[in-house]
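Colleague: So that we are looking at the same thing, I have put the structure below in structure tokens.
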Amino acid sequence: MGSLEEERQTQGFFGSSSATSFMRQIKTAVEKKVDSPNRRTSESILGTGAQSSLPKRTGRPSTISNYVLPPRKTADSLMEVYWRFVFPLYPLVDSMHMRAEYSKLWTGETLDSDENMLMCTFNVIFALACQLADFIPPDEREASADAFFCRAKDLLHFNLWHGGSATLIQCLLLMAQYLQSTDSAHQCWIVTGLAIRNAQSLGLHLPQTIACLPSFQEQQLARKIWHGCVLMDRVISMTFGRPAMISKASCGSVPLPATVDEEYIPAALGGEVRQPADRPSVMAFYRKSLELYEILNDILLSLYKPVPEENPEDIYDFYFNKGPDEGERTIFELDRALTKWTQSLPSHLRGDVSSRPEDAVFYHQSVVLRARFLHVRMLLFRPILSKYCTAREITPYDPLISVNDSFPQRVAQQCSIICVKVAQEVIELIHSNTPADGSAGPLPAWWYNILYVYTAATVLIAGRLRSAILEEVTETAITRSWNCALDILRSYHSYSSSARRCVAALEILYERVVSEGPQQNEPPTQAQVSTSNAMNDMSLGEDMNTDLLDGFDMPDFQDMSWLNSVPSNLY
7 MGSLEEERQT
17 QGFFGSSSAT
27 SFMRQIKTAV
37 EKKVDSPNRR
47 TSESILGTGA
57 QSSLPKRTGR
67 PSTISNYVLP
77 PRKTADSLME
87 VYWRFVFPLY
97 PLVDSMHMRA
107 EYSKLWTGET
117 LDSDENMLMC
127 TFNVIFALAC
137 QLADFIPPDE
147 REASADAFFC
157 RAKDLLHFNL
167 WHGGSATLIQ
177 CLLLMAQYLQ
187 STDSAHQCWI
197 VTGLAIRNAQ
207 SLGLHLPQTI
217 ACLPSFQEQQ
227 LARKIWHGCV
237 LMDRVISMTF
247 GRPAMISKAS
257 CGSVPLPATV
267 DEEYIPAALG
277 GEVRQPADRP
287 SVMAFYRKSL
297 ELYEILNDIL
307 LSLYKPVPEE
317 NPEDIYDFYF
327 NKGPDEGERT
337 IFELDRALTK
347 WTQSLPSHLR
357 GDVSSRPEDA
367 VFYHQSVVLR
377 ARFLHVRMLL
387 FRPILSKYCT
397 AREITPYDPL
407 ISVNDSFPQR
417 VAQQCSIICV
427 KVAQEVIELI
437 HSNTPADGSA
447 GPLPAWWYNI
457 LYVYTAATVL
467 IAGRLRSAIL
477 EEVTETAITR
487 SWNCALDILR
497 SYHSYSSSAR
507 RCVAALEILY
517 ERVVSEGPQQ
527 NEPPTQAQVS
537 TSNAMNDMSL
547 GEDMNTDLLD
557 GFDMPDFQDM
567 SWLNSVPSNL
577 Y
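The opening position of the sequence shown corresponds to residue 7 in the numbering used here, with each subsequent residue numbered one higher.
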């Protein structure tokens, strides 16, 4: 979700739009409003500080490994968080094998795995669970998680010159997941890349490699690991605005994992592999997520590619370019792909509420999957919204047809309206599923909620720039969604500085963009005039200091880089 103050000079490139002058001003203003936090080194559930800022020892390594475990009760609670909230969404390990190995740690039995790598993996799992555990106060989670992660780093004896292993890739993928919840954007990017390169070195991207594995159980695990690399690659490239490492061909050549849960896959070769008809598979979520993120990758390749800044020939070219290059897809094809994806969802992932306790995991999966789908749909229509908000006097392609009555302009207007409505759906989904007791509930991990809500809130700001959008999506409705979005982000203030920075950025954007009203080439509509007071209800949040905006130039409406930014762009 971002990077620490002292790391910013080494974080590298964050998408094409973040280099614009307007985004730089946003960053500067946010830095004045929200100080970068110092890492907490106390209040850990382990009773010791994280010590992450201390230099590593350079002396001779000990022959006795630092296999420190938390108290059994704490360890069991953290493992339960992982199996309940993380594994159903990211089934990257063999759960039956890992549960058995975990039990052996406490009984002293001989392990079937490499002891050092296993302890490293368990410490990463503990770190990840700390960030999601309701029994740890939010302001203590970072220190507790960092203590475990520092141990994992000490145990990760990774050598660039040696070959990797499946267990190493699994551990790296879990590390990348954990790093998404921290201020270590650069490390998250690098660790994901290490996982991918090690997987490719083992040949996991080749179908013949997997086909040669002796049992279906091992083939299924290899598929899960490889497609875990694909999933993290797609998510990280989207978040950071960077090219994906894995090509479409490499992704598609390896079959997706089967929708059969582990307990129904026999270890012996030749046994029957079949999910019971009366029991939906937990793996179905993983498979549908992989399909969704492949559509996301197509969206990024087709609609977010770097393009030379040149004057469009006509309004068609302005909105939809001259024509997609080879392998690229139009916005209409991509929307159709998303529609077909939704139609293919099994019933247990459609959000039907069930009273059976055993179905809680499926409801959790359905909420997370819907949040992911709505976010991808926002990203599909957002480039059109960005152009629609910057459209000035475009030369009509036919002098007999006005621009506003032209087909491309009408299509762009409807795409923009859909984008704003989807943003409202995202906010409502997260807001309505937030438990009153402050627990995580069925929502995605809080760092994803920050990403989704921040993205949706910037779309709401953009939607208010054009009166044609406000004709269909009322000012009052946008105001209500905006206030819900800020409420959600403020509820995460104690979790991470990312939420505080996002709120600060949104306050500044609203003050400098929305307060100027619709673009001047559009007269105010009757709906705007009648609801002009509603604009004052757009809460700017606590402690908004207008002095922060001194020297902050009024943005050129042609610069919509803030709309195409993500929280990590604010660093």
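We treat Cβ as the ideally placed atom computed from N, Cα and C, and that holds for glycine.
1) Does the region 447-467 come into contact with the region 414-431, if we say contact requires no fewer than three beta-carbon pairs (one atom in each stretch) closer than 8 Å?
2) Kindly indicate the opening and closing residues of the alpha helix (DSSP H) around Gln430.
3) Please indicate yes or no: does the CB of Ala290 lie closer than 8 Å to some heavy atom of the ligand PLP?
4) Using alpha carbons as the reference points, say which of Val417, Leu200, Leu340, Ala442 lies closest to Phe379.
5) Report back the beta-carbon spacing between Leu302 and Val432 to the nearest angstrom; my notes put them in contact at under 8 Å.
6) Return the first residue and the last residue of the alpha helix (DSSP H) that Cys618 is part of.
7) Considering only the alpha carbon of each residue, which of Val241, Met244, Leu351, Ala511 lies closest to Phe291?
8) Going by alpha carbons, who is nearest to Pro579 out of Gln214, Ala264, Ala474?
9) Using a 10 Å radius around the Cβ and a threshold of 16 neighbouring Cβ atoms, would you call Gly114 buried or exposed?
10) Quick one: Cα of Thr396 to Cα of Ile231, how far?
11) Taking Met289 as the reference, give the member of Ser445, Asn327, Pro261, Pro94 with the closest Cα.
12) Among Lys393, Ala135, Ile131, Phe141, whose alpha-carbon lies nearest the alpha-carbon of Ala158?
13) Need the endpoints of the alpha helix (DSSP H) that Ile242 sits in, please.
14) So which of Asp118, Tyr88, Phe164, Leu117 has the shortest CA-CA distance to Leu134?
15) Report buried or exposed for Pro76, applying the criterion of at least 16 other Cβ atoms within 10 angstroms of its Cβ.
16) Taking all protein chains shown into account, do 16 or more other C-beta atoms lie within 10 angstroms of the C-beta of Thr34, making it buried, or fewer, making it exposed?
17) Given a threshold of 16 other Cβ atoms within 10 Å of its Cβ, counted over all protein chains shown, does Asp118 qualify as buried or as exposed?
18) On the criterion of 16 or more Cβ atoms from any shown chain inside 10 Å, does Glu148 qualify as buried, or is it exposed?
19) Report, in whole angstroms, the separation of the C-beta atoms of Leu161 and Met125, which I expect to be a contact under 8 Å.
20) Could you have a look at Asp145 and say whether DSSP puts it in helix, strand or coil?
21) So Arg90 and Trp112 are supposed to be a Cβ contact under 8 Å. How far apart are they, rounded?
22) Near Asp239, what residues of its chain come up, given a Cβ to Cβ distance below 7 Å and the 5 sequence neighbours on each side ignored?
23) Cα separation between Phe222 and Ala273?
24) Indicate the three-state DSSP secondary structure (helix, strand or coil) for Trp568 in the structure shown.
25) Between Arg472, Ala139, Val260, which has its C-alpha nearest Gly444's C-alpha?
26) Report the rounded CA-to-CA distance for Ala255 versus Glu297, giving the unit in angstroms.
27) Is the distance from the Cβ of Leu449 to the Cβ of Ala377 below 9 Å?
28) Is the CB-CB distance between Cys235 and Ala205 below 9 Å?
29) Count the other C-beta atoms from every protein chain shown that fall within 10 angstroms of the C-beta of Glu269, then say buried if there are 16 or more, exposed otherwise.
30) Of the residues Tyr516, Leu512, Ser504, which one's Cα is nearest the Cα of Ser190?
31) Which two residues bound the contiguous alpha helix (DSSP H) that contains Met384?
32) Relative to the C-alpha of Ala151, which residue among Leu307, Arg229, Thr80, Ala418 is closest?
33) Alpha carbon to alpha carbon, how far is Leu200 from Gly169? Give it in angstroms, no decimals.
34) In chain order, what residues of the same chain have a beta carbon less than 7 Å from the beta carbon of Ile475, not counting five sequence neighbours either side?
35) By the DSSP assignment, the alpha helix (DSSP H) with His103 in it spans what residues?
Modeller: Looking at the atomic coordinates:
1) yes
2) First-last of the alpha helix (DSSP H) with Gln430: 413-438.
3) This structure does not include the ligand PLP; it has no bound ligands of any sort.
4) Leu340
5) Incorrect: roughly 15 Å between the Cβ atoms, too far for contact.
6) Residue 618 lies beyond the stretch modelled for the chain, which goes from 7 to 577, so this question has no answer here.
7) Leu351
8) The first residue shown for the chain is 7 and the last is 577, placing residue 579 beyond what the model contains.
9) exposed
10) 43 Å
11) Pro94
12) Ile131
13) 222-246
14) Tyr88
15) buried
16) exposed
17) exposed
18) buried
19) 6 Å
20) helix
21) Contact doesn't hold; Cβ gap of about 20 Å is too wide.
22) For Asp239, where only same-chain residues beyond five positions count, the Cβ hits under 7 Å are Thr198, Ile202, Ala250, Met251, Ile252.
23) 8 Å
24) coil
25) Among Arg472, Ala139, Val260, the Cα nearest to that of Gly444 is on Ala139.
26) 14 Å
27) yes
28) yes
29) exposed
30) Ser504
31) Per DSSP, Met384 belongs to the alpha helix (DSSP H) from 366-396.
32) Thr80
33) 12 Å
34) Short of 7 Å from the beta carbon of Ile475, and not among the five residues preceding or following it, lie these beta carbons of its own chain, in chain order: Ser422, Ile423, Val426, Gly469.
35) Residues 101-113.
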